[in-house]
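Using the numbering used here, the first residue of the sequence shown is number 54, and each one after it goes up by one. In what follows, a structure is listed as structure tokens, so that the remarks can point back to it.
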Amino acid sequence: MSQTHLLDNQTDAASDRRSRWPLYGAAAGLLGFVATMPLDGRDNVPTENVKLTHDLFVDLNPAVYRASMILGYIAVALLLVTAANWRRRVENRLPGSTAAHLVPLGLVASAAGLTYGFGWKGALGNYMPGGMEDSYFDDQGLAVYFMLNDFGSFIGWLGVVVAAGAVAWMGLRERTVSRWIGVISVLPVIQTAAMVAGLGVPGVQGLLAGIWLFVAGLGLAFGRSTITR
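So, in structure tokens, the structure goes:
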């Protein structure tokens with residue numbers, strides 16, 4: 054095998070390794086979705102006319118809130134890793150694309166917001182009956198944390214929805230991302246805009262943002278988008 058051919062193979066292998074960095078984003082989306090939705094922690098709470106009494110907090114499971122915090126914090130770290138990789142590997146290839154520069158800003162914004170959201174969940178799990186520090190706050194103090202968690206881990210996903218909008222532009226307008234990724238990237242934007250404007254609910258972005266990030270991350274890692282070739 055010639056030295057030139059060997060170098061070409063090494064270059065191709067390095068390119069293959071570099072193209073897998075979107076998997077960090079896919080992992081962030083999956084873990085963040087699990088921490089937000091399945092580990093919401095309010096399965097036994099009535100959907101309306103909630104009474105913030107001591108019995109409510111006794112019925113909550115502190116282990117669920119603690120697990121949500123742990124997975125959520127890992128998701129936050131992975132969002133930052135994804136943003137750093139995007140800036141390093143994509144922005145310098147598309148210096149004239151505003152959308153390409155917007156994506157990591159959205160991811161970092163969500164990382165900041167979700168840090169608080171998942172932190173509040175961990176705090177409630179720590180202070181509620183059965184938690185490690187369950188004697189620190191009375192029911193009124195727990196009620197504050199409970200209300201913060203009503204949409205706490207949902208609101209922070211807005212930055213990811215903004216990033217989805219930027220990826221949609223890159224896929225449908227600039228063609229630097231596979232078109233199918235551009236199409237699915239429109240969905241969380243439309244869903245969030247319609248539900249926020251129509252219903253006035255502040256946390257609906259958490260419904261699809263994590264799923265979108267998971268699917269888009271896999272698509273970028275294993276697909277044929279220009280930015281990951």
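C-beta atoms are modelled at their ideal positions from N, C-alpha and C, and glycine is treated no differently. Note that the coordinates shown come from a computational prediction; the quantities given were computed from them, not determined experimentally.
Subject >> Cβ pair count under 8 Å reaching 3, the stretch 103-115 against the stretch 211-220 >> reply: no
**OP:** Could you tell me whether the Cβ atoms of LEU113 and MET181 are closer together than 9 Å?
**Re:** yes
**OP:** Classify ARG119 as buried or exposed, calling it buried when 16 or more other Cβ atoms lie within 10 Å of its own Cβ.
**Re:** buried
Original post:
By a C-beta neighbour count over all protein chains shown, 10 Å radius and 16 as the cutoff for buried, is LEU252 buried or exposed?
Top reply: exposed
Original post:
To the nearest angstrom, how far is it from the Cα of HIS154 to the Cα of GLY178?
Top reply: 37 Å
Subject >> Chain-order list of residues whose beta-carbon lies under 6 Å from that of GLY84 (same chain, five-residue window excluded) >> reply: The displayed chain sequence assigns Leu, not Gly, to residue 84. Within the same chain, LEU84 has close Cβ partners LEU124, ILE127 and ALA128.
Subject >> Burial state of ILE280, where buried means 16 or more other Cβ atoms lie within 10 Å >> reply: buried
Original post:
CA-CA distance, PHE275 and TYR189?
Top reply: The alpha-carbon atoms of PHE275 and TYR189 are separated by roughly 49 Å.
Original post:
Would THR245 be called buried (16 or more neighbouring beta carbons within 10 Å of its own) or exposed?
Top reply: buried
Original post:
Roughly how many angstroms lie between the CA atoms of GLY218 and PRO115, to the nearest whole one?
Top reply: 36 Å
Original post:
Is LYS22 helix, strand or coil by DSSP?
Top reply: The structure shown does not extend to residue 22, since the chain is modelled only from 54 through 282, so no value can be given for it.
Original post:
Count the other CB atoms within 10 Å of the CB of ILE243; is the residue buried (16 or more) or exposed (fewer)?
Top reply: By the neighbour-count rule (16 or more Cβ atoms within 10 Å), ILE243 is not buried but exposed.
Original post:
Around the Cβ of ASN202, are there at least 16 other Cβ atoms within 10 angstroms (buried) or fewer (exposed)?
Top reply: With 16 or more other Cβ atoms from the protein chains shown falling within 10 Å of its own Cβ, ASN202 counts as buried.
Subject >> Per-residue burial, MET185 [other beta carbons within 10 Å of its own, 16 or more giving buried] >> reply: Burial call: exposed.
**OP:** Compute the Euclidean distance between the alpha carbons of TYR77 and PHE86, then round it to the nearest angstrom.
**Re:** 14 Å
Original post:
Considering only residues of the same chain and omitting the five flanking positions on each side of SER231, which have a CB-CB separation below 7 Å?
Top reply: GLY224, GLY272, GLY276, ARG277 and SER278
Original post:
Based on Cα-Cα distance, which residue from GLY235, PHE171, GLY159 and PHE204 lies nearest to VAL117?
Top reply: PHE171
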